[in-house]
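Take the position in the sequence shown, starting the count at 1, then add 166; the result is the number in the numbering used here.
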Amino acid sequence: MSSSLRILIILGLLASIAAGIVIERYVLSGDASIAGVDIEHAKKHLDPTYVCPMHAEIVANEPGSCPICGMDLVMRAAPEEDESDADGRPVVSISPDVINNLGVKWVPVERGTLVRKIETPGFIQQIIKDKYTRYKAPAKGRMASFHAGKGQWLETGDPIVDIELDGLVAVQEKHLALLAAESSAGTDEADDSREVLQDSDAELPATENDQEEPADEAEAEAEAEAEAKTPRMTPDYTRALLLRAGMTEAQMAELESSGKTSPVITLYARHPGQVVEPRVAEGDHVEANAYLFSLGGLMRVSVIANAFQRDVSWIKSGQPVDIILPHDSQQVWKGVVSQGAVSINTTSQNIGVKLSFNAPKDKVKSGMYVVGNIYGQVRENTLVLPRDAVIYTQNEQRVIVALGEGRFKPDPVKLGISTDTQVEILDGLEEGDRVVVSAQFLIDSESSLQASFRRLSGE
């Protein structure tokens, strides 16, 4: 046998021995070896269990000391098991420091009143003149002061001018005297008193003691007839005189309760409008029935607005409307729905709604674009929540409920009508529940991550 053949045989035996050793160590005993390797690998990736009490960034997997301060490392507390609510939604726990840093705020769920608001853009269709009132002096007097100037817009009940009336104080004093006499069961002298107002001046006639006896029977009859035509002085009569002079019921009540007289009466706007055609100035003296100014410039405006079909069932005739003009967005004009669902746009499928409101003639033009906010259904004593507290997703709406002690959980809710700032809660919350209104998106994200980890781990 040649030497080369012997070498090949020896090499083959050595290779067989080596292969057997490898098979025995790594194949036949592979499960235990691999398991051991996995354990060692897992140990390297476990969270450190020791930490420095003064320097949280110093961590280790075994006892030791901190290289910065020299303190012994302490064992970390075992993490608590994730908490869930009855429906399996993760409950997020946050430390007080983190709550403060995030600025987490919550509000209680309360009961209140909500009004459904429907925004309807539209165009002015028609403009017609509305109310126009001429003002005259109720009696002789002086223009004391003006509350509104020419062209200024006034609403119903706004003061326009103060007038000092001659003789007004005398009538007020007589009214108070008659009231006092009536309250004290009255006297013949009070019952027989007479008063004649000429040119709005209060003039008390002579008493019976000052009157002369009639010269003959004919003169006596004439005097009796004249006396019969003279109005009998009573508190009701003087009250009517004062109201006719321009005093209001509130001023009459103040006069009768306080007993303080005043020569000044105020003229108020009887309807919305502008002061136009003024004929007097402050300080001018006027006679009774003298023309002072007019209240006009008020236009009745009709609008055709567009509403979505889903909102038509909420719109009824007579509902209040706030009208906003594009060139004066700070001013809101009050109006009403004059007719609902008057037409339909076949292209956009929007429903036409007819609105009407009053405005100055210099503010509106035919065809002008406007926006009408219709206030429809009213919900009273319903659960309400700030709109900012609701998290809107593709599948549901939910809120973050504060459970106390730094624990929070997401809760799905069913919403009703809403306004610019509030929303109605139909289901999912109860009165008194605390709902997060700040940083709720961060808490919701943390809860979603915990839920995702649970699904991945098969829990």
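Ideal Cβ placement from N, Cα and C applies to all residues, glycine included.
In the pairwise beta carbon analysis, the segment 591 to 608 is classified as touching the segment 269 to 282: at least three pairs are separated by under 8 angstroms. Ranked by Cα distance from K302, the options S423, Y434, D586 and I173 are led by Y434. Burial is judged here by how many other beta carbons sit within 10 angstroms of a residue's own beta carbon; G315 has fewer than 16 and is exposed. Boundaries of the alpha helix (DSSP H) around L268: P262 to L268. Y403: member of the alpha helix (DSSP H) spanning P401 to A411, first to last residue.
Contact between T427 and E339 holds, with the beta-carbon distance rounding to 6 angstroms and staying under 8 angstroms. By the criterion of a C-beta distance shorter than 6 angstroms, R308 is surrounded in its chain by E330 and H451, once the five residues flanking it on both sides are discounted. The residue among N539, T286, L280 and G439 with its C-alpha nearest the C-alpha of N472 is T286. With 16 or more other Cβ atoms from the protein chains shown falling within 10 Å of its own Cβ, L280 counts as buried. Non-local beta-carbon contacts of Q563 in its own chain, meaning distances under 6 angstroms to residues more than five positions away in sequence, involve V556, V579 and L581 in chain order.
Pairing D494 with N539 gives a Cβ-Cβ distance that is not under 8 angstroms. Of the candidates I517, V478, D324 and Y541, the residue whose Cα lies closest to the Cα of K500 is Y541. In the DSSP annotation of this structure, the continuous segment of the beta strand (DSSP E) that includes K302 starts and ends at T299 to K302. Annotation: M418 to M399 spans about 17 angstroms, alpha carbon to alpha carbon. By the neighbour-count criterion, in which 16 or more other beta carbons inside 10 Å mark a residue as buried, C218 falls on the buried side. The DSSP-derived three-state label of H437 is coil. Membership of S495 in the beta strand (DSSP E) is indicated by the continuous run D494 to I510. Annotated as proximal: V258 and K575, with beta-carbon spacing under 8 angstroms. The beta carbon of P304 sits closer than 6 angstroms to the beta carbons of A411 and G412 from its chain, once the five residues preceding and following it are set aside; these are given in chain order. Counted as a single uninterrupted DSSP element, the alpha helix (DSSP H) harbouring M418 occupies residues E415 to S424. The alpha-carbon of G462 is positioned some 33 angstroms away from that of V337.
With distances taken between CA atoms, S479 lies nearest to K283 out of A347, T512 and K283. By the beta-carbon neighbour count (other beta carbons within 10 angstroms, threshold 16), P229 is exposed. As summarised for the segment 564 to 589, the continuous beta strand (DSSP E) elements at least 3 residues long and confined to that stretch are 573 to 584, given in chain order. Relative to the Cα of G484, the nearest Cα in the group F474, I265, T587 and G506 belongs to G506. Taking the Cα of Q543 as reference, the smallest distance to any Cα among V446, Q291 and K482 is reached at K482. Under the DSSP assignment, E339 falls in the alpha helix (DSSP H) whose first and last residues are L334 to S349. Comparing alpha-carbon positions, the option among V502, I566, H313 and F312 lying closest to L551 turns out to be I566.
Residue burial is scored here from C-beta neighbours: F523 has at least 16 other C-beta atoms within 10 angstroms and is therefore classed as buried. Closest in C-alpha terms to D402, from the list L344, P429 and V589, comes L344. For G518 against I470, the beta-carbon gap comes to about 5 angstroms, under 8 angstroms, which counts as contact.
In this structure, S460 sits near V442, with a CB-CB distance shorter than 8 angstroms. Pairing S509 with Q291, the inter-Cα distance amounts to about 14 angstroms. Within a 10 Å sphere around the beta-carbon of L408 sit 16 or more other beta-carbons, which makes this residue buried. Annotated as proximal: R553 and S584, with beta-carbon spacing under 8 angstroms. R476 sits in a helix when the DSSP states are folded into three classes.
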